[in-house]
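Chemist: The structure is given below, and queries will be raised subsequently.
In the numbering used here, the protein residues as written are 5 to 379.
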C-alpha cells in the first residue's frame, strides 16, 4: 500500500505515559499538524478547543544532522502547514487552559547516534534552547530503531536528554516501534529515562481492516506490562481518521475482504486510503450511496459499506467511549487522539465540535478521574 504519511500519522497508535497511582493521570493528548488545505480549509491554532486536551503535540519537529538544531518541517514534503508561524499561536492556548502541556513531536534518525558525545550534546542543548524560546513544555522523540545495537544507543541518548531537560522541568517522551525483540534489553532503561513511552503499531493490509483495533491495542499493552512497564503508565492513542477502500467484490463486505484500490479521490490522505472524520461524515450523510453500518458486538468498533462498493473503517463516539472505559477499567493513564485536524471540527455529525476527542474527555470527567497535566 502506498501510504502518504503512514509513518507520520500512524506513528503514534499506542503511547505509554507515566504515573504511579491508578487513575491519577488520565490524560487526553491532542495531536495537531496544522495542515493548510484549499479543499478542507485549515484548523488554525485558535480553532482548537484546548479545554478538552491536557497535552497538545505539534507534529513538526526534526533534528538537522548538520547544525544539530531542532527545526520544524511538515510530516510530508508535499504538505503545506503553519510551521514555525503557528508556534507562538499554539502557546497562546494556555490562556484558555493554563494547565495545557505543549509537546513538540520530533522525528529522529539513527545515523547521529554513532557520532561523538559532543554532537549528541549539541542536539540536546539545542533542544533546550528551542523549548526555552518557544514556550513549549517538552519533546517527544520518535525513535525509529530496528536492531538491538541501535536501540541501546537510542536508550543512552534518551537518558542524556532526560538528564538535561530535567534541569528545566521539561518533559521527555519516547515513541517506539511497538512490541519488538530489539527492545527486550533496553526497555527498562528507556522507561526509566522517559516521562512517557510511545508504542508504535503500524497496521496495514491489502484487505479491509481497522488501523488501531482493540485486538491490537490489548496485546501491545500486555507485552509492555509483561516486561515490567506498570499498567498505569500506558496511554493508548487512537486515530481520528479512517480507512476507505473500493471493494474487489461489492458483495464481499466483511472484515478481511479483498480491495481494488483507494476509496478516497483525495490522494493527499494516505494515497487515497485514508479519510478525515468530517469528510467521511459528509459521505455517510449521502443517502444515495446506500450505507450499511456494522459494529463489533464487543468492542463497538464500526465499519460501513455502500451499495456502490465503498468500504470504510473508522472511530465514532461509541467506539471511543468503549476505548475510554477500557483505559479506566484497565487502570491505564489515558488516551491520545491522532489528530485534531481530522476530527470533526465543524460539528457535521451533530455531536458538537471535536466529538471523538470530547467523548474521551467527558468519559474521564464523568468517572471522577482527575485529568492530570503533570508531565
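Note that CB positions come from ideal geometry on N, CA and C, so glycine has one too.
Compare the beta carbon distance of residue 266 and residue 321 with 8 Å and say whether it is the shorter of the two.
Modeler: Position 262 of the chain shown, counted from the start, is the residue given in the question as residue 266. Position 317 of the chain shown, counted from the start, is the residue given in the question as residue 321. Against a cut-off of 8 Å, the Cβ pair of residue 321 and residue 266 comes out as no contact.
Chemist: Leaving out five residues before and five after residue 139 in sequence, what residues of the same chain have Cβ atoms less than 6 Å from its Cβ?
Modeler: Start at 1 with the first residue of the chain shown, and residue 139 comes out as number 135. Within the same chain, residue 139 has close Cβ partners 95.
Chemist: List the residues that DSSP assigns as beta-bridge partners of residue 60.
Modeler: If you number the chain shown from 1, residue 60 lands on position 56. Per DSSP, 34, 106.
Chemist: May I have the straight-line CA-CA distance separating residue 59 from residue 220, to the nearest angstrom?
Modeler: Residue 59 sits at position 55 when you count from the first residue of the chain shown. Residue 220 sits at position 216 when you count from the first residue of the chain shown. Computed Cα separation, rounded: 24 Å.
Chemist: Relative to the ligand ADP, is the shortest distance from any of its heavy atoms to the C-beta of residue 269 smaller than 7 Å?
Modeler: What this structure holds is no ligand at all, so the ligand ADP is not there to describe.
Chemist: Considering residue 340, what are the terminal residues of the beta strand (DSSP E) in which it resides?
Modeler: Here the question's residue 340 lines up with position 336 in the chain shown. Segment 338-342, the beta strand (DSSP E) holding residue 340.
Chemist: So, is residue 214 buried or exposed, given that buried needs 16 or more other C-beta atoms within 10 angstroms?
Modeler: Counted from its first residue, the chain shown places residue 214 at position 210. With 16 or more other Cβ atoms within 10 Å, it is buried.
Chemist: Can you tell me where the beta strand (DSSP E) holding residue 264 begins and where it ends?
Modeler: Against the chain shown, residue 264 aligns to sequence position 260. Taken as a continuous stretch (DSSP letters only), the beta strand (DSSP E) holding residue 264 covers 263-266.
Chemist: Determine which residues share a DSSP beta bridge with residue 194 and list them.
Modeler: Taking the chain shown and counting its residues from 1, the one referred to as residue 194 is at position 190. Residue 194 pairs with nothing; no bridge assigned.
Chemist: Please go through the same chain and pick out, in chain order, the residues whose beta-carbon is closer than 7 Å to the beta-carbon of residue 132, but skip the five residues on each side of it.
Modeler: Here residue 132 refers to the residue found at position 128 when the chain shown is read from its first residue. Same-chain partners within the cutoff: 168, 169, 172.
Chemist: Between residue 325 and residue 82, what straight-line distance do the alpha-carbon atoms span, to the nearest angstrom?
Modeler: In the chain shown, counting from the first residue as 1, residue 325 sits at position 321. In the chain shown, counting from the first residue as 1, residue 82 sits at position 78. Taking the straight line from one Cα to the other gives about 34 Å.
Chemist: With residue 315 and residue 212 assumed to form a contact (beta carbons below 8 Å), what rounded beta-carbon distance in angstroms separates them?
Modeler: The residue you call residue 315 lines up with position 311 of the chain shown. The residue you call residue 212 lines up with position 208 of the chain shown. Confirmed, about 5 Å.
Chemist: Can you tell me whether DSSP reads residue 148 as helix, strand or coil?
Modeler: For this step, residue 148 is matched to residue 144 along the chain shown. DSSP places residue 148 in coil when its eight states are reduced to three.
Chemist: Does any CB atom of chain B fall closer than 8 Å to the CB of residue 78?
Modeler: You won't find chain B in this structure, because it holds only one protein chain.
Chemist: Answer yes or no: do residue 198 and residue 166 have a C-beta to C-beta separation smaller than 8 Å?
Modeler: Taking the first residue of the chain shown as position 1, residue 198 is located at position 194. Taking the first residue of the chain shown as position 1, residue 166 is located at position 162. The answer is yes: Cβ separation under 8 Å.
Chemist: Within 10 Å of its beta-carbon, does residue 241 have 16 or more other beta-carbons around it, so buried, or fewer, so exposed?
Modeler: Stepping through the chain shown from its first residue, residue 241 is reached at position 237. Buried, since its Cβ has 16 or more Cβ neighbours within 10 Å.
Chemist: Beta carbon of residue 349, beta carbon of residue 37: below 8 Å?
Modeler: Counting from one through the chain shown, the residue named residue 349 turns up at place 345. Counting from one through the chain shown, the residue named residue 37 turns up at place 33. Cβ atoms of residue 349 and residue 37: not closer than 8 Å.
Chemist: Take residue 7 and list the residues in its own chain whose beta-carbon comes closer than 7 Å to its own, dropping the five residues that flank it on each side.
Modeler: As a first step, residue 7 must be located in the chain shown, where it is residue number 3. Note that residue 7 scores 38 on pLDDT, short of 50, meaning its location in the model is unreliable and no value can be drawn from it.
Chemist: What distance in whole Å lies between the Cβ atoms of residue 364 and residue 32, which are believed to be in contact at a cut-off of 8 Å?
Modeler: Indexing the chain shown from 1 puts residue 32 at position 28. Indexing the chain shown from 1 puts residue 364 at position 360. Their Cβ separation, rounded to whole angstroms, is 6 Å, which keeps residue 32 and residue 364 in contact under 8 Å.
Chemist: Determine which residues share a DSSP beta bridge with residue 245 and list them.
Modeler: As a working mapping, residue 245 is identified with position 241 in the chain shown. Answer by DSSP bridge pairing, in chain order: 280.
Chemist: Residue range of the beta strand (DSSP E) that residue 298 falls in?
Modeler: Taking the first residue of the chain shown as position 1, residue 298 is located at position 294. Where residue 298 is concerned, the enclosing beta strand (DSSP E) stretches over 296-299.
Chemist: Between the alpha carbons of residue 299 and residue 143, how many angstroms are there, rounded?
Modeler: Looking up residue 299 in the chain shown gives position 295. Looking up residue 143 in the chain shown gives position 139. Those two C-alpha atoms are separated by around 37 Å.
Chemist: With DSSP collapsed to three states, give me the class of residue 176.
Modeler: For the purposes of this step, residue 176 is taken as the residue at position 172 of the chain shown. Residue state, collapsed to three classes: strand.
Chemist: Can you tell me which of 163, 290, 247 puts its alpha carbon nearest to the alpha carbon of residue 201?
Modeler: Numbered from its first residue, the chain shown carries residue 201 at position 197. Checked all of 163, 290, 247; the closest Cα to residue 201 is 163.
Chemist: Do you know how far the Cα of residue 340 is from the Cα of residue 76?
Modeler: If you number the chain shown from 1, residue 76 lands on position 72. If you number the chain shown from 1, residue 340 lands on position 336. For residue 76 and residue 340, the distance between alpha carbons rounds to 22 Å.
Chemist: On a CA-only basis, which of 137, 70, 55, 84 is nearest residue 99? Give me that one, please.
Modeler: Here residue 99 refers to the residue found at position 95 when the chain shown is read from its first residue. Among 137, 70, 55, 84, the Cα nearest to that of residue 99 is on 55.
Chemist: For the beta strand (DSSP E) that residue 223 lies in, which residues bound it at each end?
Modeler: Taking the first residue of the chain shown as 1, we reach residue 223 at position 219. Run containing residue 223: none in the beta strand (DSSP E); it sits in the alpha helix (DSSP H), 218-230.
Chemist: Would you kindly report the start and end of the unbroken alpha helix (DSSP H) that includes residue 95?
Modeler: Position 91 of the chain shown holds residue 95. It spans 91-95 - the alpha helix (DSSP H) in which residue 95 sits, taken as one unbroken run.
Chemist: Sort 355, 189, 129, 136 by Cα distance to residue 282 and report the nearest one.
Modeler: On the chain shown, residue 282 is found 278 positions in, with the first residue counted as 1. Checked all of 355, 189, 129, 136; the closest Cα to residue 282 is 355.
Chemist: Under 8 Å, do residue 236 and residue 338 count as touching if we go by C-beta distance?
Modeler: Locating residue 236 in the chain shown gives position 232, where the first residue counts as 1. Locating residue 338 in the chain shown gives position 334, where the first residue counts as 1. Contact flag unset, no.
Chemist: Taking all protein chains shown into account, do 16 or more other C-beta atoms lie within 10 angstroms of the C-beta of residue 121, making it buried, or fewer, making it exposed?
Modeler: Position 117 of the chain shown, counted from the first residue, corresponds to residue 121. By the 10 Å Cβ count, residue 121 comes out exposed.
Chemist: With the cut-off set at 8 Å, would you say residue 317 and residue 330 are in Cβ contact?
Modeler: The residue given as residue 317 occupies position 313 in the chain shown. The residue given as residue 330 occupies position 326 in the chain shown. For residue 317 and residue 330, no; Cβs fall outside 8 Å.
Chemist: Look up residue 112 in the DSSP assignment and say whether it is helix, strand or coil.
Modeler: Reading the chain shown from its first residue, position 108 is the one you call residue 112. In the structure shown, residue 112 sits in coil (DSSP, three-state: anything other than H, G, I, E or B).
Chemist: Per DSSP, what are the beta-bridge partners of residue 142 in this structure?
Modeler: Along the chain shown, one-based indexing puts residue 142 at 138. The partner list for residue 142 (beta bridge, DSSP) reads 107, 175.
Chemist: So the alpha helix (DSSP H) residue 367 belongs to, where does it begin and stop?
Modeler: Your numbering for residue 367 matches position 363 in the chain shown. Where residue 367 is concerned, the enclosing alpha helix (DSSP H) stretches over 359-370.
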